[in-house]
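Chains as they are written, first to last, in my numbering: chain A, 1 to 580; chain B, 581 to 1160.
Next comes the structure, spelled out in structure tokens:
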């Protein structure tokens, strides 16, 4: 017996399957998935863990009429396979025809673009309320992982949903892992529930008014279907707690869940990575500098919110840091405000955080850190056009987001040496709220000593008439542009601003007789550092051209084309210098 | 027997009191508090409810060595009275010598500037972790209300804190109210706990690893002291659930808890307000327009996060709106993302939200609403220099925060008629993510019909050489400035931009031969709409001066002085036009 996967166009095509066929289907889907993941990379563990659950979902519920919202949606690959997109998994030439997340542009079965955690329950309450206002009867399902449930927004939604007093189904996919290990007492509680086959006292979901259903075998189709059918059509809030195995069916992913949460191409036989790491990286500099700082000063404490790997810390390095390493789980708000508390408490906190996830904590940066003007440090990762390129993970908004909050000093190094010096300042913070951007792109070096008065712009190349002020990874672009302009007979000055949250007035005053200033930044133009320069230079009537990224959402861009579309290549910068 | 309150300089002064004295002290503090609240206004209910709890706190714990963090800190008046600031409550001339929130600048007993909800537990985890790293032994206490506990960040902290595995005390002040009524099933659960004297099954706090102590008589000193002493010094997480009466001891505040959450001066005998409402207000226009929209279209649904009064809706008006009015409790993240879900679900959601609290939902606006480009509408209140002036409640950051997120259309009306037209668009949203700012200051009117193509700037007064582009409440300022400039022989054009999230390129192109453009906005200059105009006009080499508020935190400013300090009076704008 065999199932021709290429014939599965919609979930209707599996509705008449018997359990044997559903099991076989799951096996085949898993095999195809492993083949694609190994060749292409992607979210390995999350998808392998929910093959059966996704099959059961589409067997029981009637999407797209019934509404299924996937939290983070990095576990939606099998869902895509069952909803008309199997070719993008069967056929290597089509691998890139689907995104790694739900995408309404691809299919009516995908309701939202999602890439951040903990949003599914709130989104689903909106769908459920809209249904109730319109007299609909469809099921609304939020499919959420245990790690995502610890995010405050998910808990807000969990609290509110039963008040709708109508059909609302939460499927809690408990694979006992965050990207790394879970943190917080919720996870001790989930373990109690698993260990007691769902019967432990003080059931938090019952306390919040849910009918609670436990599925011990979350990779068993029959158990899943039974539970989903029990919940289907109910006029109340039901939570189905399914116990699944992250990475199920792929030994390397089962045994090293953290490494195989997301992975580039690998050898499926042994899990060996097929990706060659660069010889040096800014991450390595971060880890090395922070380890040194922690060893030297027991008051240095590194905080993060569920992404220790993204800030470069392996399990061994975390263990070495011991009490000086704090992971609060996927709870950026808590992490930032805890960092404020740590600073107030007299120690030296440094939070490492991914640019796009930092967005979760805007108010915490403003209200808790900045208003209180505390010496709390934050190091941003993937805050760059050279970072992640999924539309939900773009890293070029954080300058606009953070540099316009009073009291925050935002620094952007342009070399390994500058980065290290800024990290040392972060670990012994004497300036108040401090944000250091980790540069994107390849590691640059400087031979001159680092001027550690980071309030001062640094003239990198002298010149006249035109000044190019270019931050971070665009400094080398500006130097190339200057070289090109020199071929045209101009001699522009090249400046590394280093500080993005305010202008160096003294330095800008020295440019008051220049013909033009060109700013270049690794972020959107709107609300960026270049506009601060413009506002300042306008008093002198000096024309100031702001180069940077256009304010728009883009998905999975090719960085070279994207730079060109935004007039950010050295040649284009040179053209502005010459003709602008 | 009588206690001389003016002699209480530190908590040490009450440590030797017996229960009778502590009761008498509470009585006297409450009387003084009522006298000040009635004459001066302030947070009435929250403070009257915690007189005994605050006395007990300072009797049992040894602040400032022991660390007490007040959530929101609008209930910290009695704390201030017991920590060296009694004169600011006894002496009417000194009433304004303290702020309405904890304030480290006033006293070492105040740890943080706080004005937003749900931060106390995270702040306290930071203090506790800092203590543990340094080998300290002091108690760390988070004092949080039931409404604040429903905020996601509080739940994140609640989840994480027991993992510290050391002294951590949460006092849950359960007065059964948010600003208005509570929402979410947590509150049904708290009621079960109260009704069962703390013994209900499925105890959410026990589930999260807390030792749980229930205090039935939360306004009884003896019960409180017993519970606090039980928790003091423990090396684990303890949650003390105290059942208090909001507004205790003031009949009008006990019987109308919503009205007396915060109140201006009133007659303490009957609760009659001594504040004269303005004849017309933008709030009234909002309520009237939204009620009309809801009556006309059953798909219009008004969403808010725990501040129905701040968006003008009385209990009667909420009841009238019925299912079309959603309050999720103090959970801005959930509210914004539910609004995204509602829009996707095919109804017409409008969320009303206070500018400063909107900050909690930056990522939700970006990731859930804007990336998905959904027709979800948001109306901002108190987003103005003419709004609230506590440092934690400033309303002039939302332009920089929101207008730099792609896909968001941000509109600023300058008259009642324009506001109404924008609200009608919000209730029948055809443009995608939409933010409408409710103007600050007095209501303005326009006699010309409203151009509902809000992408277009409106020329309000023709002129030449210099254009003043002034948004919202600064449009009349610009008109006055233009009149003054005309006395100097200039004839500036006056423009109402209406849209803040992008420039009207065609209109700006028509100014390319102007000598100067001056922008004026009701927000900080950095990241504001004026800088977008600058960036655009630079291509023409037209000098563009950005007027607006300096990027800094200020506390309790006098609006006239503040405008002057920011060069925003009509005379100062005129001066820029003439000399700039």
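For each residue, glycine too, the CB sits at the ideal point set by N, CA and C.
Please name the residue in the options whose C-alpha comes closest to that of residue i.
{"i": "residue 1088(B)", "options": "939(B), 629(B), 1124(B), 733(B)", "result": "1124(B)"}
{"i": "residue 706(B)", "options": "45(A), 574(A), 137(A), 342(A)", "result": "342(A)"}
{"i": "residue 818(B)", "options": "1129(B), 751(B), 836(B), 622(B)", "result": "751(B)"}
{"i": "residue 229(A)", "options": "134(A), 60(A), 119(A)", "result": "60(A)"}
{"i": "residue 650(B)", "options": "892(B), 724(B), 1135(B), 835(B)", "result": "724(B)"}
{"i": "residue 592(B)", "options": "637(B), 611(B), 600(B), 617(B)", "result": "637(B)"}
{"i": "residue 824(B)", "options": "774(B), 716(B), 848(B)", "result": "774(B)"}
{"i": "residue 503(A)", "options": "214(A), 532(A), 516(A)", "result": "532(A)"}
{"i": "residue 108(A)", "options": "546(A), 120(A), 8(A), 83(A)", "result": "83(A)"}
{"i": "residue 913(B)", "options": "151(A), 80(A), 132(A)", "result": "151(A)"}
{"i": "residue 274(A)", "options": "525(A), 282(A), 263(A)", "result": "263(A)"}
{"i": "residue 387(A)", "options": "85(A), 281(A), 534(A)", "result": "281(A)"}
{"i": "residue 858(B)", "options": "1023(B), 883(B), 1009(B), 643(B)", "result": "1023(B)"}
{"i": "residue 1031(B)", "options": "1009(B), 1001(B), 1010(B), 1021(B)", "result": "1001(B)"}
{"i": "residue 294(A)", "options": "547(A), 349(A), 160(A)", "result": "349(A)"}
{"i": "residue 790(B)", "options": "760(B), 805(B), 740(B), 804(B)", "result": "740(B)"}
One question on the structure: do residue i and residue j come within less than 8 Å of each other, judged by their Cβ atoms?
{"i": "residue 911(B)", "j": "residue 424(A)", "result": "no"}
{"i": "residue 865(B)", "j": "residue 820(B)", "result": "no"}
{"i": "residue 960(B)", "j": "residue 916(B)", "result": "no"}
{"i": "residue 412(A)", "j": "residue 926(B)", "result": "no"}
{"i": "residue 653(B)", "j": "residue 698(B)", "result": "no"}
{"i": "residue 1051(B)", "j": "residue 1071(B)", "result": "no"}
{"i": "residue 1058(B)", "j": "residue 1091(B)", "result": "no"}
{"i": "residue 400(A)", "j": "residue 530(A)", "result": "no"}
{"i": "residue 890(B)", "j": "residue 934(B)", "result": "yes"}
{"i": "residue 871(B)", "j": "residue 998(B)", "result": "no"}
{"i": "residue 945(B)", "j": "residue 1081(B)", "result": "no"}
{"i": "residue 586(B)", "j": "residue 538(A)", "result": "no"}
{"i": "residue 414(A)", "j": "residue 304(A)", "result": "no"}
{"i": "residue 115(A)", "j": "residue 390(A)", "result": "yes"}
{"i": "residue 626(A)", "j": "residue 769(B)", "result": "As shown, chain A starts at 1 and ends at 580. That puts residue 626(A) outside it, with no answer to give."}
{"i": "residue 329(A)", "j": "residue 183(A)", "result": "yes"}
{"i": "residue 712(B)", "j": "residue 746(B)", "result": "yes"}
{"i": "residue 392(A)", "j": "residue 947(B)", "result": "yes"}
What residues in its chain sit with their C-beta under 8 Å from that of residue i, if we drop five residues either side in the sequence?
{"i": "residue 852(B)", "result": "846"}
{"i": "residue 606(B)", "result": "631, 632, 635, 801"}
{"i": "residue 600(B)", "result": "581"}
Leaving out the 5 sequence neighbours to the left and right, which residues in its chain are closer than 7 Å to residue i when beta-carbon positions are compared?
{"i": "residue 590(A)", "result": "This structure does not reach residue 590(A), given that chain A is present from 1 up to 580, and the question cannot be answered."}
{"i": "residue 867(B)", "result": "892, 893, 897"}
Per DSSP, residue i is paired with what?
{"i": "residue 754(B)", "result": "823(B)"}
{"i": "residue 792(B)", "result": "819(B)"}
{"i": "residue 929(B)", "result": "881(B)"}
{"i": "residue 1039(B)", "result": "1075(B)"}
{"i": "residue 366(A)", "result": "Beta-bridge pairing links residue 366(A) to no other residue."}
{"i": "residue 542(A)", "result": "Residue 542(A) pairs with nothing; no bridge assigned."}
{"i": "residue 1061(B)", "result": "DSSP output for residue 1061(B) lists no bridge partner at all."}
{"i": "residue 685(B)", "result": "Answer is none; residue 685(B) lacks a bridge partner."}
Tell me which same chain residues have a C-beta within less than 6 Å of the C-beta of residue i, skipping the five on either side of it?
{"i": "residue 494(A)", "result": "460, 461, 468, 478, 479, 482"}
{"i": "residue 128(A)", "result": "140, 164, 168"}
{"i": "residue 755(B)", "result": "629, 824, 826"}
{"i": "residue 667(B)", "result": "674"}
{"i": "residue 610(B)", "result": "631, 829"}
### Message
I'd like to know if the region 389-409 of chain A and the region 517-528 of chain A are in contact, where contact means that at least 3 CB-CB pairs between them fall below 8 Å.
### Response
Segments in contact, yes.
### Message
Under 8 Å: do the region 439-455 of chain A and the region 570-578 of chain A share three or more Cβ pairs, one atom per stretch?
### Response
Contact between the region 439-455 of chain A and the region 570-578 of chain A is absent, because fewer than three Cβ pairs lie under 8 Å.
### Message
Would the region 430-445 of chain A count as touching the region 479-494 of chain A if we require 3 or more Cβ pairs under 8 Å?
### Response
Contact between the region 430-445 of chain A and the region 479-494 of chain A is absent, because fewer than three Cβ pairs lie under 8 Å.
### Task
State whether the region 191-211 of chain A contacts the region 772-783 of chain B, with contact taken as three or more CB pairs (one from each stretch) at a distance under 8 Å.
Contact between the region 191-211 of chain A and the region 772-783 of chain B is present, because at least three Cβ pairs lie under 8 Å.
### Query
Three or more C-beta pairs closer than 8 Å, one from the region 79-97 of chain A and one from the region 17-37 of chain A: is that the case here?
Verdict: yes, contact present.
### Query
Okay, do the region 894-912 of chain B and the region 878-885 of chain B touch, 3+ Cβ pairs below 8 Å being the bar?
Segments in contact, yes.
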